[in-house]
Amino acid sequence: MNFSGLIQDFGPLTITGLAQGAIIALFALGYTLVYGVLRLINFAHSEVFLIGSYACLIVWGFFGLDQNSATPNVLSVIGLLLLGLVAAIIFSGLTALGVELVAYRPLRKRNAPPLAFLITAIGASLFISETVGVMTQRNIKGVPPLIQPRDVFVIGNMHVTNLQILIIVLALVSMFLLDRFINRSRLGRGIRAVAQNPDSAALMGVNKSRVISLVFLLGGLMAGIAAVMYDLKIGVTRFDAGFLLGIEAFTAAVLGGIGNLRGALLGGLLLGLLQNYAASLFGTEWLHAASFVLLVLILVVRPTGLLGESLGRARA
Amino acid sequence: MRQVLARAIGGLAVIGLIAGAAACNSDSGSDDTASGNCGYKLAFFGALTGSSANLGVNIEQGFELAINQFNEKKGSDCITVAKFDSQGEPGVAPGVARNLVADKKILAVVGPPFSGESEAAVPIFEAAGIPSVSPSATRVSLTANGWKTFHRAVANDDAQGPAAANYIKDVMKAQKVFVANDQSAYGAGLSEVVQKTLGAAVVATDKTEADGKQTDFSALVQKVVSSQATVLFYGGYYQNAGLIRKALTSAGWKGTLVGGDGMKDVGLAKAAGNGPATGTIVTCPCSPPEKAGGTFVTDYKAKWNVDAGTYSDVAYDAANMLLQGIDAGNNTPEKLNTYLKTVEYKGIANTYKFTDTGELDPNFIKVWTFKFDPTGNQIADQEVPTA
Numbered sequence: 010m011n012f013s014g015l016i017q018d019f020g021p022l023t024i025t026g027l028a029q030g031a032i033i034a035l036f037a038l039g040y041t042l043v044y045g046v047l048r049l050i051n052f053a054h055s056e057v058f059l060i061g062s063y064a065c066l067i068v069w070g071f072f073g074l075d076q077n078s079a080t081p082n083v084l085s086v087i088g089l090l091l092l093g094l095v096a097a098i099i100f101s102g103l104t105a106l107g108v109e110l111v112a113y114r115p116l117r118k119r120n121a122p123p124l125a126f127l128i129t130a131i132g133a134s135l136f137i138s139e140t141v142g143v144m145t146q147r148n149i150k151g152v153p154p155l156i157q158p159r160d161v162f163v164i165g166n167m168h169v170t171n172l173q174i175l176i177i178v179l180a181l182v183s184m185f186l187l188d189r190f191i192n193r194s195r196l197g198r199g200i201r202a203v204a205q206n207p208d209s210a211a212l213m214g215v216n217k218s219r220v221i222s223l224v225f226l227l228g229g230l231m232a233g234i235a236a237v238m239y240d241l242k243i244g245v246t247r248f249d250a251g252f253l254l255g256i257e258a259f260t261a262a263v264l265g266g267i268g269n270l271r272g273a274l275l276g277g278l279l280l281g282l283l284q285n286y287a288a289s290l291f292g293t294e295w296l297h298a299a300s301f302v303l304l305v306l307i308l309v310v311r312p313t314g315l316l317g318e319s320l321g322r323a324r325a
Numbered sequence: 077m078r079q080v081l082a083r084a085i086g087g088l089a090v091i092g093l094i095a096g097a098a099a100c101n102s103d104s105g106s107d108d109t110a111s112g113n114c115g116y117k118l119a120f121f122g123a124l125t126g127s128s129a130n131l132g133v134n135i136e137q138g139f140e141l142a143i144n145q146f147n148e149k150k151g152s153d154c155i156t157v158a159k160f161d162s163q164g165e166p167g168v169a170p171g172v173a174r175n176l177v178a179d180k181k182i183l184a185v186v187g188p189p190f191s192g193e194s195e196a197a198v199p200i201f202e203a204a205g206i207p208s209v210s211p212s213a214t215r216v217s218l219t220a221n222g223w224k225t226f227h228r229a230v231a232n233d234d235a236q237g238p239a240a241a242n243y244i245k246d247v248m249k250a251q252k253v254f255v256a257n258d259q260s261a262y263g264a265g266l267s268e269v270v271q272k273t274l275g276a277a278v279v280a281t282d283k284t285e286a287d288g289k290q291t292d293f294s295a296l297v298q299k300v301v302s303s304q305a306t307v308l309f310y311g312g313y314y315q316n317a318g319l320i321r322k323a324l325t326s327a328g329w330k331g332t333l334v335g336g337d338g339m340k341d342v343g344l345a346k347a348a349g350n351g352p353a354t355g356t357i358v359t360c361p362c363s364p365p366e367k368a369g370g371t372f373v374t375d376y377k378a379k380w381n382v383d384a385g386t387y388s389d390v391a392y393d394a395a396n397m398l399l400q401g402i403d404a405g406n407n408t409p410e411k412l413n414t415y416l417k418t419v420e421y422k423g424i425a426n427t428y429k430f431t432d433t434g435e436l437d438p439n440f441i442k443v444w445t446f447k448f449d450p451t452g453n454q455i456a457d458q459e460v461p462t463a
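Protein chains in written order, with this note's numbering: chain P, 10 to 325; chain E, 77 to 463.
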């Protein structure tokens, strides 16, 4: 165990961990939202993210950009980023809605047992990921260097770059807006009502099907934003990118308390940090193992996760 | 409810079929029942899809070119090409290998390209008595398994490792080196040899997950930066290497990435971007493809419309060596295996002769270094001593 390395690199590990954690947190929202309302783990959410990570690349490709392009000027970068975000959000959102429509809604209409949902979720996930895999020959796709990482400020040996700030700020803003939407808006009230008691909500005139679609759509939007951030940070996407990160995002959702939006944020950031610290302390090969050991430990102490399940709980 | 479940299971089965189709072998051409030593098959076994597929495709194309040329000379479809896609995954390889040995027309295998899949698949070839010639599997311990049918047409990592270490020490004059690997049979073996040869110059080490199992290398990058190493040696394949190179450049690290033949592919530059990849050094127990004799370079380009890649020429030689054996009447796997034990074959890239364990004869070992240029090509740098 390399304690001196961890202490020496604590600052840089923290900032890179937060950036990775912010992406995981945005991704985790989709799991948590759907679980909160349907008590269903949407395993196909990893592919909702995957489609987003390709959608923005395809749009940037229209402008002739690939991984070897020069970085365009600031105005073009802002425009391209917005376009990429819009494309990723639209396609991720549509994928989420499509999965709901094809894989879950027919089962729900027939009152299928939970196990059937689990199987169709895994089926939909595999189907989309393998289709993308076959279409891309399982090759990687490079991302244009829209943002060249540059130090914005330096504290000790911690270099904070423009890209890291962008990722963290964008994640926090998205989270804040989503939280406001769920807690303050009429539609958000509908979501909370269905989460709390679907039948009473229906009696009160809430359209359950529409609420469920909305929940999938919101998860898709967040996954789309996460996908663009992931592309910019990692620089490459591939057909199973969603699977890897999906497991981490699902872990983060459980860690924070599945069904709890703020829990997903906390869980994501925490997981990003822990993975970095563990990789430094034990070696990068223990990255995944260490985070899961921690997950088990936390669940033993707090079975409902750090913040507990709360989407369904009534708030004043 | 039963109906729903049945549909769900049926749906999964369909998906399984689709997924399986990607891993399935595809034969081309038809059975030929011509007389003489025709009507047999030679098989390629290796990654045609997957995260390291480029290395497999280079080899398959060299292999297929040799057989096409042989058939043209014969004026018939004498020997048929059989392709088996292992995806380069040790977990997938055994099932695909069992499909291969079930085809009794297959006399020999060119492959497997990677060390990990070799460990998994060669025992199955061995049990079936089918000889294999790998153009690129370099892990040292592969020939310590007592296999009778395994041959490799390249030097192992006991040659490549010291060559890489010597280059780092003597040519790059690096004082501080960071050594990491991807825990694969190939990557771990190679980096071990490099680390041993470099000795005290190694300031720190780390291990990553394998290709496709990790995309965020922040912690490794931070360790490299903090170690003040000027060279990172990575034992692994091109995709991880590219991602790591990109992350290192983003973090402002100015050092050089050095690796082995598993990183010698344009895929590294594709993952990293050409800018960050420029200057990366890779060793290879192979000659530069453009140095291959005869008309190979132009023939290859004409057939596949791409330049010959890493080990395309060795695969071409391996196929021709086997074809020569079949043409001489060695038309069973046993006879062909005996033929391989004694043959000294002069090909376009090298001369090949195998030791009892299937290693390339030490007299024919050579290791070159290559440098990534700003277009992602690997330009021959120099031949380096292996001891």
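Positions of the beta carbon are idealized from the N, C-alpha and C atoms, including for glycine.
Just so it is clear, the structure is predicted and the values come from calculations on it, not from any experiment.
Mapping DSSP to helix, strand and coil, what is LYS340/E?
Residue state, collapsed to three classes: coil.
Please list, in chain order, all residues of the same chain as VAL141/P whose beta carbon is under 6 Å from its beta carbon, the five residues on each side excluded.
Excluding sequence neighbours, VAL141/P sits near PHE248.
Which two residues bound the contiguous alpha helix (DSSP H) that contains ILE33/P?
Segment 19-47, the alpha helix (DSSP H) holding ILE33/P.
Which runs of the beta strand (DSSP E) at least 3 residues long sit entirely within the region 201-278 of chain E? Give them in chain order.
Runs of the beta strand (DSSP E) inside the region 201-278 of chain E: 208-210, 226-228 and 253-257.
Return no unless some Cβ of chain P is closer than 9 Å to the Cβ of LEU333/E.
Not one chain P Cβ lies under 9 Å of LEU333/E.
By alpha-carbon positions, which one of ALA31/P, LEU49/P and GLY317/P ends up nearest to MET231/P?
Per the Cα distances, ALA31/P.
Please tell me whether GLN145/E and ASP375/E are closer than 9 Å, where the distance is taken between their beta carbons.
In this structure, ASP375/E lies closer than 9 Å to GLN145/E by Cβ.
For GLU109/P, count neighbouring Cβ atoms within 10 angstroms of its own Cβ and tell me buried if that reaches 16, exposed if not.
Looking at its Cβ environment, which holds 16 or more other Cβ atoms inside 10 Å, GLU109/P is buried.
How far does the beta strand (DSSP E) with ILE357/E in it reach, from first residue to last?
Its beta strand (DSSP E) spans residues 357-360.
When burial is assigned at 16 or more other CB atoms within 10 Å of the CB, is GLY434/E buried or exposed?
So GLY434/E ends up on the buried side.
Taking only beta-carbon atoms, is VAL297/E less than 9 Å away from chain P?
It does; some Cβ of chain P falls within 9 Å.
Assuming SER334/E is part of the beta strand (DSSP E), what are its boundary residues?
As written in the sequence, residue 334/E is Val, which differs from the Ser given in the question. Per DSSP, VAL334/E belongs to the beta strand (DSSP E) from 332-335.
How long is the line joining the alpha carbons of THR219/E and PHE226/E, rounded to whole angstroms?
Distance between the alpha carbons of THR219/E and PHE226/E is about 8 Å.
Only counting the same chain, and skipping five residues up and downstream in sequence, which positions put a Cβ closer than 6 Å to that of GLY335/E?
The residues are TYR310, ALA317 and VAL358.
Per DSSP, which residues does TRP444/E bridge with? Please list them.
Paired residues: CYS360/E and GLU459/E.
Counting Cβ pairs closer than 8 Å, one from the region 119-138 of chain P and one from the region 56-74 of chain P, do we hit at least three?
These segments touch.
Can you give me the start and stop residues for the alpha helix (DSSP H) that LEU155/P sits inside?
No alpha helix (DSSP H) holds LEU155/P; DSSP gives it neither H nor E.
What does HIS168/P pair with, by DSSP beta-bridge criteria?
DSSP lists VAL163/P as partners of HIS168/P.
Within 9 Å of any Cβ in chain P, is that where the Cβ of PHE293/E sits?
Yes, contact with chain P.
Any idea what DSSP makes of LEU42/E, helix, strand or coil?
What the structure shows of chain E is the stretch from 77 to 463, and residue 42/E is not part of that stretch, so it cannot be assessed.
What is the residue span of the beta strand (DSSP E) that PHE160/E lies within?
First-last of the beta strand (DSSP E) with PHE160/E: 155-161.
Counting only Cβ pairs nearer than 8 Å, list the residues of chain P close to LEU319/E.
Near LEU319/E (Cβ distances below 8 Å), the residues of chain P are ILE243, GLY244 and VAL245.
Is the shortest distance between the beta-carbon of SER289/P and the beta-carbons of chain E less than 9 Å?
It does: the Cβ of SER289/P has a partner Cβ on chain E nearer than 9 Å.
For the region 147-176 of chain E, which residues have a CB atom closer than 7 Å to at least one CB atom of chain P, in sequence order?
The residues in question: there are none.
Only counting the same chain, and skipping five residues up and downstream in sequence, which positions put a Cβ closer than 8 Å to that of VAL253/E?
Contacts found: ILE244, LEU274, ALA277, VAL278, VAL279, ALA305, THR306, VAL307, LEU308 and PHE309.
Is the distance from the Cβ of GLY244/P to the Cβ of ALA348/E below 9 Å?
Cβ atoms of GLY244/P and ALA348/E: closer than 9 Å.
Please classify GLN315/E: does DSSP put it in a helix, a strand, or coil?
GLN315/E falls in the helix class under three-state DSSP.
Drop a sphere of 10 angstroms on the beta-carbon of LYS283/E, count the other beta-carbons inside from all chains shown, and report buried for 16 or more, exposed for fewer.
Per the 10 Å Cβ criterion, buried.
Is the Cβ of ALA290/E closer than 9 Å to any Cβ of chain P?
In the sequence under discussion, the amino acid at residue 290/E is Gln, which differs from the Ala named in the question. Yes - at least one Cβ of chain P is within 9 Å of the one on GLN290/E.
Give the straight-line distance between the Cα atoms of SER106/E and ALA323/E, rounded to the nearest whole angstrom.
With a pLDDT of only 41 at SER106/E, under the threshold of 50, the placement of this residue in the model should not be trusted, and no figure is reported.
Compare the C-beta of GLU268/E with all C-beta atoms of chain P and state if any pair is closer than 9 Å.
No, GLU268/E does not count as interfacial toward chain P.
Report yes if the C-beta distance between TYR428/E and ASP393/E is below 9 Å; otherwise report no.
Result yes, Cβ atoms of TYR428/E and ASP393/E sit closer than 9 Å.
Are the region 257-266 of chain E and the region 185-194 of chain E touching by the rule of at least three beta carbon pairs closer than 8 Å?
Verdict: yes, contact present.
Any beta-carbon of chain E closer than 9 Å to the one on ASN269/P?
Cβ-Cβ to chain E under 9 Å: no for ASN269/P.
In whole angstroms, what is the alpha-carbon distance linking VAL198/E and GLY20/P?
Distance between the alpha carbons of VAL198/E and GLY20/P is about 48 Å.
Does the CB of THR260/P have a neighbour CB from chain E at under 9 Å?
Chain E, which has no Cβ nearer than 9 Å to the Cβ of THR260/P, makes this no.
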